[in-house]
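Okay, so the sequence shown: first residue is 3 according to our numbering, each after it adds one.
Ideal placement from N, C-alpha and C gives every residue a C-beta, glycine not left out.
What you are looking at is a predicted structure, and each value in this text was computed from that prediction instead of being measured.
Notes for the one structure printed next.
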Amino acid sequence: MKRSITLFFLLAVITFASAQKNNSAPKLKVPVQKDSIKKSKTIIEIQEKKTDSLINSLGIYKPYKKEAHASYYADKFTGRKTSSGSRFDNNKYTAAHKKLAFGTKVKVTNERNGKWVIVEITDRGPFVKAREIDLSKRAFMDIVANKGSGSMQVTIEVLAD
Numbered sequence: 003m004k005r006s007i008t009l010f011f012l013l014a015v016i017t018f019a020s021a022q023k024n025n026s027a028p029k030l031k032v033p034v035q036k037d038s039i040k041k042s043k044t045i046i047e048i049q050e051k052k053t054d055s056l057i058n059s060l061g062i063y064k065p066y067k068k069e070a071h072a073s074y075y076a077d078k079f080t081g082r083k084t085s086s087g088s089r090f091d092n093n094k095y096t097a098a099h100k101k102l103a104f105g106t107k108v109k110v111t112n113e114r115n116g117k118w119v120i121v122e123i124t125d126r127g128p129f130v131k132a133r134e135i136d137l138s139k140r141a142f143m144d145i146v147a148n149k150g151s152g153s154m155q156v157t158i159e160v161l162a163d
């Protein structure tokens with residue numbers, strides 16, 4: 003017991019002396035506690051890019067349709083003109099709808115896991131009878147439960163004016 007105490011004090015003195023020699027305090031490793039709250043990827047990216055205004059996107063949404071079928075655009079459509087005249091980009095938060103006006107902000111919520119994304123209507127479609135909305139690939143992958151699936155059931159809400 004005396005030997006271990008003596009060794010401890012000896013090591014402490016050596017450490018202190020070497021620290022004094024370097025004019026710095028001994029460095030102790032302190033575990034860093036990470037934030038336990040996960041931040042939404044969508045919100046962070048919108049704030050960083052400044053292309054979409056999060057403040058304008060968040061607001062009061064009125065229900066449009068529940069249990070709607072959603073799918074996503076194929077990669078071959080990237081770069082083509084949409085019905086609104088803009089170029090389609092699968093990395094933006096956009097969507098196609100049969101009836102909603104261009105520029106309408108829509109909140110699409112996956113009914114299975116509760117994840118949601120805000121997209122802007124920029125195109126017409128989908129041209130499949132059972133489907134209600136086509137999302138860009140990025141928007142779809144942000145809210146889908148199974149990345150291998152091609153469609154999901156969603157709730158569609160429209161930003162109230």
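> Which word fits Met-143, buried or exposed, when buried means at least 16 other C-beta atoms lie within 10 angstroms of its C-beta?
Replying inline: Classification for Met-143: exposed.
> Considering only C-alpha positions, which residue in the set Gly-127, Arg-126, Glu-159 and Arg-114 is nearest to Ser-151?
Replying inline: For Ser-151, the nearest C-alpha among the options comes from Arg-114.
> Where do the N-terminal and C-terminal ends of the alpha helix (DSSP H) with Asp-144 fall, by residue?
Replying inline: Counting along the chain, Asp-144 sits inside the alpha helix (DSSP H) bounded by residues 139–145.
>> Going by C-alpha to C-alpha distance, which of Ala-72, Phe-104, Lys-109 and Ala-98 sits closest to Ile-62?
In response: From the listed residues Ala-72, Phe-104, Lys-109 and Ala-98, the smallest Cα separation to Ile-62 is found for Lys-109.
> Under a three-way DSSP split, which group does Asp-91 fall into?
Replying inline: Coil.
> Do Ser-138 and Tyr-95 come within 8 Å of each other at the CB atom, strictly closer than that value?
Replying inline: Yes; because the gap between Cβ atoms is below 8 Å, this pair is in contact.
>> So if DSSP puts Ala-72 in a beta bridge, which residue, or which two residues, is it bridged to?
In response: Note: Ala-72 sits in a beta bridge opposite Ile-135 and Met-154.
> Taking Ala-76 as the reference, which of Val-119, Asn-93 and Ala-162 has the closest Cα?
Replying inline: Distance check between Ala-76 and each of Val-119, Asn-93 and Ala-162 places Asn-93 closest, using alpha-carbon atoms only.
> Which residue's Cα is closest to the Cα of Gly-87: Lys-131, Ile-135 and Arg-126?
Replying inline: Looking only at Lys-131, Ile-135 and Arg-126, the smallest Cα-Cα distance to Gly-87 is reached by Arg-126.
> What's the C-alpha gap between Gln-155 and Gly-116?
Replying inline: About 11 Å.
> Run through DSSP, which three-state label would Gly-127 get?
Replying inline: Looking at Gly-127 - three-state DSSP - the assignment turns out to be coil, as it is neither helix nor strand.
> If you drop the 5 nearest sequence neighbours on each side, which residues of the same chain put their C-beta closer than 6 Å to that of Ala-147?
Replying inline: Only Arg-114 and Asn-115 meet the Cβ criterion.
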